[in-house]
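Participant: Once you've had a glance at the structure underneath, I'll fire off some questions.
Residue numbers (this note's numbering): 76 to 331.
Below is the structure:
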């Protein structure tokens, strides 16, 4: 078996007195899709934000393609993360948010090309060619010169996916990418994500859509109150859940 492309070891995160992540550990193999499911407040989105270092974990280790990113240890010390390493980590993780987070003053094409050109220092011609190809892939090539406010929510999210892909990430992180979309627009975005999964991209997906998680995932992690309550293959999680909490979650509508 190949070594994991992403490994999370004993990750902890609190906000004041509220402990959101209570020692989360798991690994993702290259080319697999792992879906994180669980009730609101279980720590799913916080986990993604810690992996991308948008939130600084209080304790634990993140390993990306063999490179360790150490956070605060059990004794309270925290090795500093230099800015170069921080930029490199983020360039290896493509993040797609709930609310698109496109720059409103830039065209779609500039949104997609900004980080590869100015952060990764890649050649403009190469990046522009890749960006146009990605906009074609997600079905909005005709919107390259449009601005975000001229796009539907589904089109904005597809632009955000193209932007994340254009940095050539090793892992794609999706944080409830369709939660703010109506069903028709949700279907557009889910189809794009399914194409990426079929291409063998490594993805970590936080989703409320259990039907889609079942279709697209290789593995499901069920988070409950900041810990991994159950972790296993799709058929096992949905067909034979062991945890009473997972059974309750699915029975309450999680599998609808």
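Even glycine gets a Cβ: it sits at the ideal position worked out from N, Cα and C. For clarity, every value in this text was computed on a predicted model and none was experimentally measured.
With which residues is residue 102 paired in a DSSP beta bridge?
Facilitator: Here residue 102 corresponds to residue number 27 of the chain shown, with the count starting at 1. Answer is 82, bridged to residue 102.
Participant: Please list, in chain order, all residues of the same chain as residue 215 whose beta carbon is under 8 angstroms from its beta carbon, the five residues on each side excluded.
Facilitator: Reading the chain shown from its first residue, position 140 is the one you call residue 215. Result list for residue 215: 183, 226, 230, 233, 234 and 237, in chain order.
Participant: Have a look at 297, 249 and 271 and flag the residue whose alpha-carbon is nearest the alpha-carbon of residue 383.
Facilitator: Residue 383 lies beyond the stretch modelled for the chain, which goes from 76 to 331, so this question has no answer here.
Participant: Helix, strand or coil for residue 251? Go by DSSP, reduced to three states.
Facilitator: For this step, residue 251 is matched to residue 176 along the chain shown. It is coil, neither helix nor strand.
Participant: Kindly indicate which three-state DSSP category residue 121 falls into: helix, strand or coil?
Facilitator: Counted from its first residue, the chain shown places residue 121 at position 46. Here residue 121 sits in helix by DSSP.
Participant: By DSSP, does residue 136 sit in helix, in strand, or in coil?
Facilitator: For the purposes of this step, residue 136 is identified with residue 61 of the chain shown, where counting begins at 1. Looking at residue 136 - three-state DSSP - the assignment turns out to be strand.
Participant: Here's a check: name, in chain order, each residue in its chain whose Cβ is nearer than 8 angstroms to the Cβ of residue 144, leaving out the five neighbours to either side.
Facilitator: Position 69 of the chain shown, counted from the first residue, corresponds to residue 144. 128, 136, 137, 138, 156, 160 and 164.
Participant: Run through DSSP, which three-state label would residue 273 get?
Facilitator: The residue labelled residue 273 in the question sits at position 198 within the chain shown. Three-state DSSP puts residue 273 in a helix.
Participant: Using a Cβ-Cβ cutoff of less than 7 angstroms, which residues in the same chain neighbour residue 320 once the five nearest sequence positions on both sides are dropped?
Facilitator: Here residue 320 refers to the residue found at position 245 of the chain shown. Answer for residue 320: 299 and 304, listed in chain order.
Participant: Considering only DSSP beta bridges, list what residue 87 is partnered with.
Facilitator: For this step, residue 87 is matched to residue 12 along the chain shown. According to DSSP, which records beta bridges pairwise, residue 87 is partnered with 97 and 134.
Participant: Do the stretch 161-181 and the stretch 100-116 meet, that is, are 3 or more Cβ pairs less than 8 angstroms apart?
Facilitator: no
Participant: In this structure, what does DSSP give as the bridge partners for residue 169?
Facilitator: Taking the first residue of the chain shown as 1, we reach residue 169 at position 94. According to DSSP, residue 169 bridges with 247.
Participant: Among the residues of its own chain, which have a CB less than 7 angstroms from the CB of residue 82, if the five just before and after it don't count?
Facilitator: Locating residue 82 in the chain shown gives position 7, where the first residue counts as 1. Residues of the same chain with a CB within less than 7 angstroms of the CB of residue 82, apart from the 5 flanking positions on each side, are 102 and 138 in chain order.
Participant: From the DSSP output, in three-state form, read off residue 318 for me.
Facilitator: As a working note, residue 318 is residue 243 in the chain shown. DSSP places residue 318 in coil when its eight states are reduced to three.
Participant: Using a 10 Å radius around the Cβ and a threshold of 16 neighbouring Cβ atoms, would you call residue 202 buried or exposed?
Facilitator: For the purposes of this step, residue 202 is taken as the residue at position 127 of the chain shown. Label assigned to residue 202: buried.
Participant: Can the beta-carbon of residue 93 be found closer than 8 angstroms to that of residue 86?
Facilitator: Here the question's residue 93 lines up with position 18 in the chain shown. Here the question's residue 86 lines up with position 11 in the chain shown. One thing to note: residue 93 has its Cβ no nearer than 8 angstroms to the Cβ of residue 86.
Participant: Does the beta-carbon of residue 257 have 16 or more other beta-carbons within 10 angstroms, so that it is buried, or is it exposed?
Facilitator: Position 182 of the chain shown, counting from 1, holds the residue named residue 257. The residue is exposed, with fewer than 16 neighbouring Cβ atoms inside 10 Å.
Participant: If I follow the unbroken beta strand (DSSP E) through residue 308, where does it start and stop?
Facilitator: Taking the first residue of the chain shown as position 1, residue 308 is located at position 233. Taken as a continuous stretch (DSSP letters only), the beta strand (DSSP E) holding residue 308 covers 302-308.
Participant: From this set, 263, 107 and 99, which residue's C-alpha is nearest residue 132's C-alpha?
Facilitator: Position 57 of the chain shown holds residue 132. The option with the nearest alpha carbon to residue 132 is 99.
Participant: Please specify which runs of the alpha helix (DSSP H), each continuous and at least 4 residues long, are wholly inside the stretch 186-235, giving them in chain order.
Facilitator: Fully enclosed alpha helix (DSSP H) runs of no fewer than 4 residues occupy 199-212 of the stretch 186-235, in order along the chain.
Participant: Should residue 91 go down as buried or exposed, given a rule of 16 or more other Cβ atoms within 10 Å for buried?
Facilitator: Stepping through the chain shown from its first residue, residue 91 is reached at position 16. Exposed, by the Cβ-count rule.
Participant: Which residues does DSSP list as the beta-bridge partners of residue 294?
Facilitator: One-based indexing of the chain shown puts residue 294 at position 219. Per DSSP, 109 and 308.
Participant: Quick check on this structure: which residue in 310, 291 and 169 has the alpha carbon closest to the alpha carbon of residue 107?
Facilitator: Position 32 of the chain shown, counted from the start, is the residue given in the question as residue 107. Per the Cα distances, 291.
Participant: Considering residue 128, what are the terminal residues of the beta strand (DSSP E) in which it resides?
Facilitator: Position 53 of the chain shown, counting from 1, holds the residue named residue 128. Neither: residue 128 is in no beta strand (DSSP E) and is coded neither H nor E.
Participant: Cα separation between residue 162 and residue 263?
Facilitator: In the chain shown, residue 162 corresponds to position 87, counting from 1. In the chain shown, residue 263 corresponds to position 188, counting from 1. The straight-line gap from Cα to Cα measures roughly 31 angstroms.
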